[in-house]
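Here's the structure we're looking at; comments come further down.
Protein chains: 2
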Amino acid sequence: MIKISADLVEYPNRYVFMVDMPGMKASEINLRVEDENIMVVTGERKREQRQQDDGVKYLRTERMVGKFLRIFSIPDNGNKDRISALCKDGVLSVTIEKLPPREWKEGKTIEVKSA
Amino acid sequence: MIKISADLVEYPNRYVFMVDMPGMKASEINLRVEDENIMVVTGERKREQRQQDDGVKYLRTERMVGKFLRIFSIPDNGNKDRISALCKDGVLSVTIEKLPPREWKEGKTIEVKSA
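Protein sequences, first through last, are from chains A and B.
Using the working numbering, you'd call the opening residue of the first sequence number 472 and step up by one each time.
Using the working numbering, you'd call the opening residue of the second sequence number 472 and step up by one each time.
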């Protein structure tokens, strides 16, 4: 398992998770929303070239490769039915719209009588 | 200074440095070739949104931001005049063509006489 770094940004009407995925394409990233307001990002980062290819030799390998799995909690007022994701420049952005603020219905006033 | 990870791959006719730059655009990366077969990559990684923007709040910040500087040695048989660079999917690839193998000129044979 390799480590992936993420930011969480709150906007007035949405949350955005920004996850570093250098070299990954959208088709290589799996994003699932589970029960209990859980979002799971999985995938595998591979080297661009295989060591065994003819005449290809890695002289240095600092970039981490391997499988990754990361679990994020969706904020309480995030709308699980309004989630979209985009991968660009090696960064995955997952946007979660906020639920509208709970509306307080006009209550019925109860007269407080004096005894 | 933030840390950046790099691989170095050797092909039959070229070397390729692969450098993770998630979220960075080509225009934000500086690449210089110096004397003594040195190549320098510099730049600054910034957050996509500024904290002080109206209504924007970073709830989590794991992704490293800040300036970076990394010095790479160009291999001895790398051609400093044939270097190209491309940034794609958050990975900077710097390709350095190899110099042609040194040719051994047909030497002159010296007869070894017995004393």
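For every residue, glycine included, the Cβ atom is placed at its ideal position computed from N, Cα and C.
Straight-line Cα distance separating GLU515 (chain A) from LYS579 (chain B): Position 108 of the second sequence, counting from 1, holds the residue named residue 579 (chain B). Position 44 of the first sequence, counting from 1, holds the residue named residue 515 (chain A). The straight-line gap from Cα to Cα measures roughly 58 Å.
Beta-carbon neighbours of GLY561 (chain A), restricted to chain B and to distances below 9 Å: Taking the first sequence and counting its residues from 1, the one referred to as residue 561 (chain A) is at position 90. Those are ASP491, MET492, PRO493, GLY494, MET495, LYS559, ASP560, GLY561, VAL562, listed as they occur along chain B.
Close beta carbons around SER544 (chain B), own chain, < 7 Å, minus the five adjacent residues each side: Within the second sequence, numbered from 1, the residue matching residue 544 (chain B) stands at position 73. Within the same chain, SER544 (chain B) has close Cβ partners ASN508, ILE509.
Listed by chain order, chain B residues near ARG534 (chain A) by CB distance under 8 Å: As a working mapping, residue 534 (chain A) is identified with position 63 in the first sequence. Per Cβ cutoff of 8 Å: SER476, ALA477, ASP478, MET489, ASP491.
MET510 (chain B) - containing beta strand (DSSP E), residue span: Within the second sequence, residue 510 (chain B) is the residue found at index 39, counting from 1. Looking at the DSSP string, the run of the beta strand (DSSP E) that includes MET510 (chain B) is 509-516.
Cβ pair VAL511 (chain A), LEU540 (chain A) closer than 9 Å: As a working mapping, residue 511 (chain A) is identified with position 40 in the first sequence. As a working mapping, residue 540 (chain A) is identified with position 69 in the first sequence. Yes; because the gap between Cβ atoms is below 9 Å, this pair is in contact.
Cutoff 9 Å: LYS528 (chain B) Cβ touching any chain A Cβ: In the second sequence, the residue the question calls residue 528 (chain B) occupies position 57. Output row for LYS528 (chain B): interface = yes.
Distance between VAL527 (chain B) and ASP552 (chain A) (C-alpha atoms, nearest Å): As a position in the first sequence, residue 552 (chain A) is number 81, starting the count at 1. As a position in the second sequence, residue 527 (chain B) is number 56, starting the count at 1. Cα to Cα, ASP552 (chain A) sits roughly 23 Å from VAL527 (chain B).
Chain-ordered neighbours of GLU515 (chain B) on chain A, where CB pairs are closer than 9 Å: Taking the second sequence and counting its residues from 1, the one referred to as residue 515 (chain B) is at position 44. Simply none; closest approach about 15 Å.
Contact under 9 Å by Cβ, MET472 (chain B) with LEU563 (chain B): In the second sequence, the residue the question calls residue 472 (chain B) occupies position 1. In the second sequence, the residue the question calls residue 563 (chain B) occupies position 92. The answer is no: Cβ separation not under 9 Å.
CB contact flag (LEU557 (chain B), ALA477 (chain B), <9 Å): Locating residue 557 (chain B) in the second sequence gives position 86, where the first residue counts as 1. Locating residue 477 (chain B) in the second sequence gives position 6, where the first residue counts as 1. Cβ distance not < 9 Å, so LEU557 (chain B) and ALA477 (chain B) don't count as in contact.
Alpha carbon of LEU502 (chain A) to alpha carbon of MET489 (chain A), nearest angstrom: As a working mapping, residue 502 (chain A) is identified with position 31 in the first sequence. As a working mapping, residue 489 (chain A) is identified with position 18 in the first sequence. Going from the Cα of LEU502 (chain A) to the Cα of MET489 (chain A) covers about 13 Å.
Neighbouring residues, chain A, relative to GLU582 (chain B) (Cβ below 8 Å): Within the second sequence, the letter at position 111 stands for residue 582 (chain B). Correct list: empty, because the minimum Cβ distance to chain A is about 41 Å.
Cutoff 9 Å: PRO571 (chain B) Cβ touching any chain A Cβ: Translated into positions along the second sequence, residue 571 (chain B) becomes position 100. PRO571 (chain B) does not count as touching chain A.
Closer than 8 Å at the beta carbon, the chain A residues around ARG531 (chain B): If you number the second sequence from 1, residue 531 (chain B) lands on position 60. The answer, in chain order, is ALA477, ASP478, LEU479.
Other residues of its chain near ARG485 (chain A): CB distance less than 8 Å, five sequence neighbours each side excluded: Sequence index remark: in the first sequence, residue 485 (chain A) carries index 14 (1-based). Correct list, in chain order: THR566, ILE567, GLU568, LYS569.
is_contact[GLU568 (chain B), chain A] using C-beta, thresh 9 Å: In the second sequence, residue 568 (chain B) corresponds to position 97, counting from 1. With 9 Å as the cut-off, GLU568 (chain B) does not count as an interface residue toward chain A.
Min CB distance GLU507 (chain A) to chain B below 9 Å: Stepping through the first sequence from its first residue, residue 507 (chain A) is reached at position 36. No, its Cβ sits nowhere closer than 9 Å to a Cβ of chain B.
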